[in-house]
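Visitor: One structure follows; several queries about it will come next.
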Amino acid sequence: MKNVIFSITLLLALISCSKSVPIKNTKWNGIDDEYNKSILFCDSTCEIYISSRTTGHTDTLTSYYKITYDTISFVPFNEYVSINSKLIITKQGLKESKSGKLIFKQSEK
200 MKNVIFSITL LLALISCSKS VPIKNTKWNG IDDEYNKSIL FCDSTCEIYI SSRTTGHTDT
260 LTSYYKITYD TISFVPFNEY VSINSKLIIT KQGLKESKSG KLIFKQSEK
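Here it is in structure tokens:
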């Protein structure tokens, strides 16, 4: 009986995890108003690239990221920089948590 319950629990856990979008080692490009931004997620850190709309110069911000359920939050390395946005992972892309607007789509490999 214990093996049956364990097997059912394991199957349900695998099914629930299979619906999530993998984030590690992926690149996401901004869309619409965020077209000048992109995020590269590594194992425990990410790099956020922001291109200047006028000069084309690209700034890079390196940050830790943490995933809680379907929400990504950021912890910048520099204590003077804050990222006030959290992103929600969906199959369509990454949405801004406050507005619910889709702002990043995964880059084609």
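My numbering applies: residue 200 is where the sequence shown begins, and numbers increase by one. All residues carry an ideal CB built from backbone N, CA and C; glycine is no exception. Small disclaimer: the values here were computed from a predicted structure and weren't measured.
Could you spell out the range, first to last residue, of the beta strand (DSSP E) harbouring E307?
Guide: Note, E307: premise wrong, no beta strand (DSSP E); not H, not E.
Visitor: Quick one: Cα of S251 to Cα of K226, how far?
Guide: 19 Å
Visitor: In angstroms with no decimal places, state the Cα-to-Cα distance between K290 and D269.
Guide: 11 Å
Visitor: How big is the Cα-Cα spacing for I302 and F276?
Guide: 23 Å
Visitor: Would you give the residue range spanned by the beta strand (DSSP E) that F240 belongs to?
Guide: 236-240
Visitor: Can you have a look at Y263 and say buried or exposed, based on whether 16 or more other CB atoms are within 10 angstroms of its CB?
Guide: exposed
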